[in-house]
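Number of protein chains: 2
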Amino acid sequence: MTDTVKYVLDESKLPKRWYNIMADLPSAPPAVLHPGTKQPVGPDDLAPLFPMALIAQEVSTEREIDIPEPVREIYRQWRPSPLYRARRLEKALQTPAKIYYKYEGVSPSGSHKPNTAVAQAFYNKEAGVKKITTETGAGQWGSSLAFAGALFGIEIKVYMVRVSYDQKPYRRALMETYGAKCVPSPSMETNSGRAILEKRKDHPGSLGIAISEAVEVAATHEDTKYALGSVLNHVLMHQTIVGQETMAQLEMAGDYPDVLIGCTGGGSNFAGLVFPFLGAQLRGGKKVRVVAVEPSACPSLTRGKYAYDFGDTAHLTPLVKMHTLGSTFTPPGFHAGGLRYHGMAPLVSFCKELGLLEAVAYHQRPCFDAGVQFARVEGILPAPEANHAIRAAIDEALRCKAEGRSRVIVFNLSGHGHFDMQAYLDYFANKLLDQDYDQQELATALAGLPSVAKAA
Amino acid sequence: MTDTVKYVLDESKLPKRWYNIMADLPSAPPAVLHPGTKQPVGPDDLAPLFPMALIAQEVSTEREIDIPEPVREIYRQWRPSPLYRARRLEKALQTPAKIYYKYEGVSPSGSHKPNTAVAQAFYNKEAGVKKITTETGAGQWGSSLAFAGALFGIEIKVYMVRVSYDQKPYRRALMETYGAKCVPSPSMETNSGRAILEKRKDHPGSLGIAISEAVEVAATHEDTKYALGSVLNHVLMHQTIVGQETMAQLEMAGDYPDVLIGCTGGGSNFAGLVFPFLGAQLRGGKKVRVVAVEPSACPSLTRGKYAYDFGDTAHLTPLVKMHTLGSTFTPPGFHAGGLRYHGMAPLVSFCKELGLLEAVAYHQRPCFDAGVQFARVEGILPAPEANHAIRAAIDEALRCKAEGRSRVIVFNLSGHGHFDMQAYLDYFANKLLDQDYDQQELATALAGLPSVAKAA
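Chains as they are written, first to last, in the working numbering: chain A, 1 to 456; chain B, 1001 to 1456.
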């Protein structure tokens, strides 16, 4: 009845290096383009936004990059994180499959986000940066950067999507407790924000707008840099500590994954889990099926176009080639705020184009069904984002049962849901809607994609 | 700058036995009395409420009691919990003291409460119990028992203080996600509840009333038992896994506490940390200063009377000798809902009478000051209850600084504050009041103490 199987890595096994999948890809991913010239960007173009160490990581092709000791020291507060065998879930499903999950909810802010927040804060501190701006939707990223900023003594300013700012005061309170300043976006503090508010005074905001504001402030202030919580190469790389630990823990268990599953918003928790395994495969190791799970309401990988697009609404960011729904795309309401981004990490997109991974989209209600089932047998209440990964893992396990064969299924439980209880209340009150995105909205957003000549 | 020092016990070191301080006390604590006869209760008197195994633990004088393997298996989901050296806090305070904290917020419900919830659910399951009733204030205990009930397939019904039920829907959502049924108390489901509602239809409820309702239902239903989250001997004993782990972890660190600190509501997280150390002292080991920290608004140990009293409002529970403010005492509003009980665990009270521990009371604002300072340097956002322990630990460390001497300070960080963000919002909005209890209220409540002949 009570099978708890937890794989704990000794602290001495905490990875010493991040893994960079760029080294193992069969070809280089498309270049990042300057938003004005549409030519490949150089380090100097990015220097107003990021410290040089992170720019170097963004374009590095080294397979491994040393994790600085001060970053590892902070990681050790909650890392290595546990890997669990979900034996109670397996029994409940009566599946012959083995289900494992890596649990990132043990971090101080309750998700995988501090893995990169701490690293980014460190490199900014090293570069003498005094302030960092960023955006946040549901608040997972903002609170993680606030945590990291507090530890390194860097002032953090978070542009928070206004509708979340109003509806989710508790995430804001967490950021403020860590000492960060939180501003509802669109705000009157930036040109981007003012332009939006002039057209519509009560604009609810969006991640794309909040990014524009944060980028604008960083670009126009000498002592201020910008930080992004997902999408970029260096961010995904920082998350590979998740997959590396998982590999070592599965080795303890004597297993290797047949299927790897993660939810995808910008792509960082997913890439963090799967890239080390894909790298091993690309270097001649065992092939593993990799499944990205996204919300049907914001399905960049399954319904987006693989094209150059902006990361933000005001078109201040460089152009990256990715699966995108168009930078103006606004999804219908759903609770997994971390999965509401119009684009997908260029590296994840490129891997999809290379056939290294598949993607699947789910509506939110079946995901909450899965999350509640999981909570009742495994005891951990998952974040709505993570419920997508659980849904896919359960469906895979049920397929194993139908086929009468065992597979090793591994998924990333990227965070706990203690800040998302309103979503569960709505679920139990039968108030969750399974809305599809608006077809016209998508067509319009895709029609607005920037025209870009063939990348250099 | 980034000193993270975490002591991780190997799973093989997870304690195999709970520690029972009854074996080491110089004399037996006063007997528990029947509420009707005022004579010492026997096991049969308690049988309607608890399974026999827990009743046996309640009166046991064995020093060690084996933890059943299925309970240890579930403990292993989050245990052994980490012990941290608060080096960043020490630096911020510029204190020569060494500060350690045991972190119980890593459990699925975010506090120490599952340590006993899992044990109680196990023994009830063994006894064939189908339903358990309980009460909850802020919801830490209710959600922990809901978690344990889900794992063992026992139906959990939680009488939740009405004002919390209305103001804290997220804790309720957590209980419901685990499958528990949550009822605002006072309710129309019980005689106790109906009697209160007849006098006052909009009664906000209290822990004492909710206990009466839960006890009444258990006492009048064959297949239903009752569970309490603190106060009782067996509950405190289940928590001693905290102190035993801490002992082993401090041994790894090469230190032994000079001062042990815990916050006290019913007394269970406090006793869980300190009893194993007090036991060692009573057996001739090193003397350690032990400090219980309580809210000034509900100061049972510092302002209560050591006397026989009821545990509930409707006077359905047995009489226990404890530090009490009187069972009708209603404290003014403050945010640490887990510290709002009128009484103190009889074993903690007895230890205070024996001079084994001291108590101190704080208002809530200085406690939140301490909690916010702690969050910004240590990265963990504490529950309002735990802020009391942090306040006392910081004050002790500052005394060390003033005296120019080092001491080893160890406190229990009993839970995270992710469900308590409204309290932090109120703190930052300067809305927290530092109210004292009402002197007349206390006088009236103490005047109403039951008259009990000298205990047998």
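The beta carbon of each residue, even a glycine, is placed where N, CA and C say it ideally should be.
Predicted model only: the values in this text are computed from it and were never measured.
Under a Cβ-count criterion, where at least 16 other Cβ atoms within 10 Å of its own Cβ denotes burial, should residue i be classed as buried or exposed?
| i | result |
| --- | --- |
| B/D1066 | exposed |
| A/D312 | buried |
| B/T1002 | Residue placement at B/T1002 is flagged as unreliable, the pLDDT there being 49, under the threshold of 50; a coordinate-derived value is accordingly withheld. |
| B/M1188 | exposed |
| B/A1456 | With a pLDDT of 40 at B/A1456, under the threshold of 50, the modelled position of this residue cannot be trusted, and the question is left open. |
| A/E396 | buried |
| B/P1043 | exposed |
| B/G1267 | buried |
| B/S1027 | exposed |
| B/K1454 | Any reading at B/K1454 must be qualified, since the residue scores a pLDDT of 49, below 50, and its modelled position is unreliable; the value itself is stated next. With fewer than 16 Cβ atoms within 10 Å of its Cβ, B/K1454 is classed as exposed. |
| B/H1416 | buried |
| A/R162 | buried |
| A/D223 | exposed |
| A/T136 | buried |
| B/G1285 | exposed |
| B/E1251 | exposed |
| A/H221 | exposed |
| A/D420 | buried |
Using beta-carbon positions only, say whether residue i and residue j come within less than 9 angstroms of one another.
| i | j | result |
| --- | --- | --- |
| A/A402 | A/L316 | no |
| B/S1414 | B/G1243 | no |
| A/L354 | A/T264 | no |
| A/H342 | A/Q364 | no |
| A/A253 | A/Y103 | no |
| A/L269 | A/M22 | Strictly speaking, residue 269 of chain A in this sequence is Asn, with Leu absent from that position. For A/N269 and A/M22, no; Cβs fall outside 9 angstroms. |
| A/L433 | A/P332 | yes |
| A/P80 | A/D10 | yes |
| B/E1213 | B/P1169 | no |
| B/I1154 | B/T1134 | no |
| B/N1412 | B/Y1101 | yes |
| B/L1260 | B/R1283 | no |
| A/A345 | A/S111 | no |
| B/A1210 | B/Y1256 | no |
| B/E1358 | B/V1452 | no |
| B/P1040 | B/F1310 | no |
| A/G139 | A/G179 | no |
| B/T1177 | A/R376 | yes |
Could you spell out the range, first to last residue, of the alpha helix (DSSP H) harbouring residue i?
| i | result |
| --- | --- |
| A/L273 | 268 to 282 |
| A/I211 | 207 to 219 |
| B/I1390 | 1384 to 1403 |
| A/E198 | 191 to 199 |
| B/L1356 | Note, B/L1356: premise wrong, no alpha helix (DSSP H); not H, not E. |
| A/R171 | 169 to 177 |
| B/M1052 | 1052 to 1059 |
For my contact list, residue i and residue j are in at a C-beta cut-off of 8 angstroms; report their separation, rounded to the angstrom.
| i | j | result |
| --- | --- | --- |
| A/V235 | A/Y226 | Not a contact, Cβ separation roughly 12 angstroms. |
| A/S480 | A/M175 | Because residue 480 of chain A is not part of the residues shown, which for chain A are 1 to 456, the question remains open. |
| B/Y1019 | B/G1279 | 6 angstroms |
| A/G379 | B/F1147 | 6 angstroms |
| B/P1048 | B/N1124 | Incorrect: roughly 13 angstroms between the Cβ atoms, too far for contact. |
| B/R1087 | B/V1005 | 6 angstroms |
| B/K1038 | B/L1319 | 7 angstroms |
Tell me where the beta strand (DSSP E) around residue i begins and ends.
| i | result |
| --- | --- |
| A/W78 | Segment: none, A/W78 is in no beta strand (DSSP E) and carries neither H nor E. |
| A/T136 | 131 to 136 |
| A/G521 | Any question about residue 521 of chain A goes unanswered here, given that chain A covers just 1 to 456. |
| A/V290 | 289 to 295 |
| B/V1005 | 1005 to 1007 |
| A/A307 | 305 to 310 |
| B/S1143 | From DSSP, B/S1143 is part of no beta strand (DSSP E) but of the alpha helix (DSSP H) over 1140 to 1152. |
| B/R1407 | Careful: B/R1407 lies outside any beta strand (DSSP E) and carries neither H nor E. |
| B/S1185 | 1181 to 1185 |
| A/V158 | 155 to 161 |
Can you pull the chain C residues whose beta carbon is under 9 angstroms from the beta carbon of residue i, in chain order?
| i | result |
| --- | --- |
| B/G1254 | The displayed structure is made up of protein chains A and B, and chain C is not among them. |
Checklist entry - Are there three or more Cβ pairs, one per stretch, closer than 8 angstroms when the segment 1294 to 1311 of chain B is compared with the segment 1185 to 1195 of chain B? => result no
Checklist entry - Pairing CB atoms from the segment 1422 to 1432 of chain B with CB atoms from the segment 1112 to 1119 of chain B, are three or more of them under 8 angstroms? => result no
Item to check | Sufficient close CB pairs (3 or more, under 8 angstroms) joining the segment 1390 to 1407 of chain B to the segment 1093 to 1100 of chain B | outcome: yes
Next on the checklist: Pairs of beta-carbons, one from the segment 363 to 377 of chain A and one from the segment 50 to 65 of chain A, closer than 8 angstroms: are there three or more?
Outcome noted: no
Checklist entry - Are the segment 1318 to 1327 of chain B and the segment 1290 to 1302 of chain B touching by the rule of at least three beta carbon pairs closer than 8 angstroms? => result yes
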